[in-house]
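Chemist:
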Amino acid sequence: MPESANRVILFDTTLRDGEQSPGATMNLREKVHMARQLELLGVDIIEAGFAASSAGDFEAVATVAKEIREATVASLCRTVIEDIDKAAEALRHAKKSRLHLFIATSPLHMEFKLKLSPDEVLKATDQAVRHAVSCCTDVEFSCEDASRSDPDFMVEVCRTAAAAGAVTLNIPDTVGYAQPDEFAERIAYLKARIPAKVIISVHCHNDLGLAVANTLAALRAGARQAEVTVGGIGERAGNCALEELIMALAVRNPYYRLEHGIHTQQIFPSVRALSRIIGRPIPVNKPVVGANAFAHEAGIHQAGVLANPATYEIMTPESIGLSSSHIVLGKHSGKNAIRSKLEDMGYSLDNAQIDLILAAVKELADKKKDIFDEDLEALVLEEVYRLPDKYRLLHLTVQSGDGGLPPCAMLALEIDGARREHAQFGVGPIDAVFRGIAATVGRSPKLEQYAVNAITGGTDALGEVTVRISENGKSTVGRGSHPDIINASARAYLNALNRLAKMREEM
Ligand code: KIV
Ligand code: ZN
């Protein structure tokens, strides 16, 4: 990281706080892919998980730590010696690692959650940070619920952490309560009272829609690290959205005069990759990356944009990596073309995986003339990143009803390696397919949401279906893509069932 007084460090917590967002669970392969994409995007630090919280988080932190070479990899830990040791162990193979310790400092959290007195919180901070520093040179300390903490106590805890060796002090607005001017004042107050070499970080939640505004205000007041997530995913209403923060800094550079290491052309690919992974479409009105962000509906706007795009566009689609789709591959593309295209897109796959994709590209090219970046990405997620599935679709034939007979689905599934067949009537073809699958696997989840999207243009486009299902209080999303949307629907439903089965195994 270049040492400049105006350089903002981007700490990405998509894989930790982001993953805490309801329904945003990622499997290990998806986390590793997302971490690689974050590295291409240019974030400085990737918080890969909370190693001591579960075996899955430990494995995710350890695997990301082994894979990532440019960015620093961090693990969250409480101010508890066992947490710190677990996190340090998970980060053992990281080229650059950081331990991120936190303890709550607001009266409410100390009394009702921690059941600790302020003195006990100070003592825990001192002991834990000293221990962390003995395991790792890069230690960040966070005062959880800082924005509702007494400013002088917050400063005292921060000074204690800095004296014990923390090099970054993070001020979270844990419940999204702060207001920009007030939050900036808190940051300036702290800055005047801690050693100049210690970096102040902020971590803002979006409960009142102010996460980006609060982060920008804090940067103006002297904070030099921003904690963000792609798409703003995170606990409850989410965290500060990386893409919004970065484009505010870029578009209003003369106002902020701050530098960062983000390659803005990787913004859209990063948001799109995350959206595919967690099965959540990008809302059309989402700032910077939503489908309407560069769409001009009103005639007067269209005329203006045609005369000069700057009339109504403060940034270009190209600046965030949103260019018109390129035809990338076709029926005759070979293994090398596929490998090099995938490498350009940030996927580093082994030979067997490339063979799988090659076969899938050939099969798709029989049904669809042109294959675009987006199609290739969907194939990778479909063929490579899926966990070994408990339930798998072998064959599906669907007949729509003609008035005499209701629609009917005939399907063959593989369940734990054994083939099962079933035929089912339904109100419509999708209903027949979902009922047929549910009956075959012996489950009856509730379908909460169903969405279909064309990945690229044209009637032969690959259809992408996302579903959300719930069962016994657990809910999950599933994603499937195929040129036939009924087949894509079956895959999405099975993907969600596989995720539910995995959640049950992990319980
Ligand atoms: O919101 C929060 O306070 C956090 C901390 C653990 C950094 O996520
Ligand atoms: Zn948080």
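If you want our numbering, it's the 1-based position in the sequence shown plus 11. Beta carbons are placed, not taken as given, at the ideal position from N, Cα and C, and that holds for glycine. Just so it is clear, the structure is predicted and the values come from calculations on it, not from any experiment.
1. Identify, in the order they occur along the chain, each residue of the same chain with its Cβ nearer than 8 Å to the Cβ of residue 256, setting aside the five sequence neighbours on each side.
2. Just how far apart, CA to CA, sit residue 326 and residue 514?
3. I need the DSSP call for residue 86, collapsed to helix, strand or coil.
4. Just reading off the beta strand (DSSP E) that residue 236 is part of, what are its end residues?
5. What residues match up with residue 421 in a beta bridge as DSSP calls it?
6. Quick one: give me the first and last residue of the beta strand (DSSP E) that residue 59 is part of.
7. Say the cut is 7 Å; is the CB of residue 214 nearer than that to a heavy atom of ligand 2?
8. Are three or more beta carbon pairs between the region 503-512 and the region 473-489 nearer than 8 Å?
9. Pairing CB atoms from the region 72-86 with CB atoms from the region 44-63, are three or more of them under 8 Å?
10. Answer yes or no: the CB of residue 218 versus the heavy atoms of ligand 2, is any distance below 7 Å?
11. Hey, is residue 246 close to ligand 2, as in C-beta under 7 Å from one of its heavy atoms?
12. Alpha carbon to alpha carbon, how far is residue 377 from residue 455?
13. Rounded to whole angstroms, what's the CA-CA distance from residue 492 to residue 282? Just pull it up for me.
14. Can you tell me whether residue 383 sits near ligand 1, meaning its C-beta is under 7 Å from at least one heavy atom of the ligand?
15. Tell me whether residue 110 sits in a helix, a strand or coil according to DSSP, three-state version.
16. I need the straight-line Cα distance from residue 204 to residue 132, nearest angstrom please.
17. Let me make sure I understand the geometry here. Which of 15, 317 and 70 has the alpha-carbon closest to that of residue 103?
18. Residue 438: buried (16+ other C-beta within 10 angstroms of its C-beta) or exposed?
19. By alpha-carbon positions, which one of 189, 448 and 140 ends up nearest to residue 214?
20. With burial defined as no fewer than 16 other Cβ atoms inside 10 Å of the residue's Cβ, what is the status of residue 161: buried or exposed?
21. Could you spell out the range, first to last residue, of the beta strand (DSSP E) harbouring residue 214?
22. Could you give the DSSP three-state label for residue 287: helix, strand or coil?
23. Per DSSP, which one or two residues make a beta bridge with residue 152?
24. Any chance the region 293-304 sits against the region 341-353, with 3 or more Cβ pairs inside 8 Å?
25. Identify whether residue 487 lies in helix, strand or coil by the three-state DSSP scheme.
26. Quick one: Cα of residue 77 to Cα of residue 106, how far?
27. Contact between the region 149-167 and the region 179-188: three or more CB pairs below 8 Å?
28. Closest by CA to residue 499, which one among 485, 434, 484 and 403?
29. Could you check if residue 266 is buried or exposed, using at least 16 other CB atoms within 10 Å of its CB as the buried criterion?
30. Output the distance between the C-alpha atoms of residue 230 and residue 426, rounded to the nearest integer angstrom.
31. Need the endpoints of the beta strand (DSSP E) that residue 461 sits in, please.
32. Between residue 218 and the rest of its own chain, which residues show a CB-CB distance below 8 Å, the 5 nearest in sequence each way excluded?
33. Hey, quick one: how far does the alpha helix (DSSP H) through residue 388 stretch, first residue to last?
34. If you reduce the DSSP assignment to three classes, tell me which class residue 478 lands in.
35. What are the boundary residues of the beta strand (DSSP E) that includes residue 20?
36. In terms of DSSP beta bridges, what is residue 331 paired with?
Modeler: Taking the coordinates as given:
1. If you number the sequence shown from 1, residue 256 lands on position 245. Taken in chain order, the residues that qualify are 223, 226, 227, 237 and 239.
2. By 1-based counting over the sequence shown, the position of residue 326 is 315. By 1-based counting over the sequence shown, the position of residue 514 is 503. Computed Cα separation, rounded: 42 Å.
3. Position 75 of the sequence shown, counting from 1, holds the residue named residue 86. Three-state DSSP puts residue 86 in a strand.
4. Working through the sequence shown from its first residue, we reach residue 236 at position 225. First-last of the beta strand (DSSP E) with residue 236: 236-239.
5. In the sequence shown, counting from the first residue as 1, residue 421 sits at position 410. In DSSP, residue 421 forms a bridge with 408 and 434.
6. Sequence index remark: in the sequence shown, residue 59 carries index 48 (1-based). Looking at the DSSP string, the run of the beta strand (DSSP E) that includes residue 59 is 56-60.
7. As a first step, residue 214 is located in the sequence shown; it is residue number 203 there, counting from the start. Indeed, a heavy atom of ligand 2 lies less than 7 Å from the Cβ.
8. yes
9. yes
10. Sequence index remark: in the sequence shown, residue 218 carries index 207 (1-based). No, the Cβ of residue 218 stays beyond 7 Å of every heavy atom of ligand 2.
11. The residue you call residue 246 lines up with position 235 of the sequence shown. At least one heavy atom of ligand 2 is nearer than 7 Å to the Cβ of residue 246, so yes.
12. Residue 377 sits at position 366 when you count from the first residue of the sequence shown. Residue 455 sits at position 444 when you count from the first residue of the sequence shown. Each residue's alpha carbon lies about 36 Å from the other.
13. The sequence position of residue 492 within the sequence shown is 481, counting from 1. The sequence position of residue 282 within the sequence shown is 271, counting from 1. Going from the Cα of residue 492 to the Cα of residue 282 covers about 18 Å.
14. Sequence index remark: in the sequence shown, residue 383 carries index 372 (1-based). Residue 383 Cβ: outside cutoff for every heavy atom of ligand 1.
15. If you number the sequence shown from 1, residue 110 lands on position 99. Reduced to three states, the DSSP call for residue 110 is strand.
16. Your numbering for residue 204 matches position 193 in the sequence shown. Your numbering for residue 132 matches position 121 in the sequence shown. Cα to Cα, residue 204 sits roughly 19 Å from residue 132.
17. Position 92 of the sequence shown, counted from the start, is the residue given in the question as residue 103. With distances taken between Cα atoms, residue 103 lies closest to 70.
18. Locating residue 438 in the sequence shown gives position 427, counting from the first residue. Per the 10 Å Cβ criterion, exposed.
19. On the sequence shown, position 203 is the one that residue 214 refers to. It is 189.
20. Taking the first residue of the sequence shown as position 1, residue 161 is located at position 150. It is exposed - the Cβ of residue 161 has fewer than 16 other Cβ atoms within 10 Å.
21. Numbered from its first residue, the sequence shown carries residue 214 at position 203. Run containing residue 214: 210-215, per the beta strand (DSSP E) assignment.
22. Here residue 287 refers to the residue found at position 276 when the sequence shown is read from its first residue. Reduced to three states, the DSSP call for residue 287 is helix.
23. Start at 1 with the first residue of the sequence shown, and residue 152 comes out as number 141. DSSP output for residue 152 lists 112 and 180 as bridge partner(s).
24. no
25. The residue labelled residue 487 in the question sits at position 476 within the sequence shown. Three-state DSSP puts residue 487 in a strand.
26. Translated into the one-based positions of the sequence shown, residue 77 becomes position 66. Translated into the one-based positions of the sequence shown, residue 106 becomes position 95. Going by the C-alpha atoms only, they are around 8 Å apart.
27. yes
28. Residue 499 sits at position 488 when you count from the first residue of the sequence shown. Among 485, 434, 484 and 403, the Cα nearest to that of residue 499 is on 403.
29. One-based indexing of the sequence shown puts residue 266 at position 255. Under this definition residue 266 is an exposed residue.
30. Residue 230 sits at position 219 when you count from the first residue of the sequence shown. Residue 426 sits at position 415 when you count from the first residue of the sequence shown. The alpha-carbon atoms of residue 230 and residue 426 are separated by roughly 53 Å.
31. Here residue 461 refers to the residue found at position 450 when the sequence shown is read from its first residue. Segment 457-465, the beta strand (DSSP E) holding residue 461.
32. Reading the sequence shown from its first residue, position 207 is the one you call residue 218. If we look at residue 218 and ignore the five residues flanking it on each side, its Cβ neighbours are 186, 187, 188, 247 and 248.
33. Numbered from 1 along the sequence shown, position 377 holds the residue referred to as residue 388. Where residue 388 is concerned, the enclosing alpha helix (DSSP H) stretches over 384-394.
34. Here residue 478 refers to the residue found at position 467 when the sequence shown is read from its first residue. Looking at residue 478 - three-state DSSP - the assignment turns out to be strand.
35. The residue labelled residue 20 in the question sits at position 9 within the sequence shown. Segment 20-23, the beta strand (DSSP E) holding residue 20.
36. Position 320 of the sequence shown, counting from 1, holds the residue named residue 331. Residue 331 pairs with nothing; no bridge assigned.
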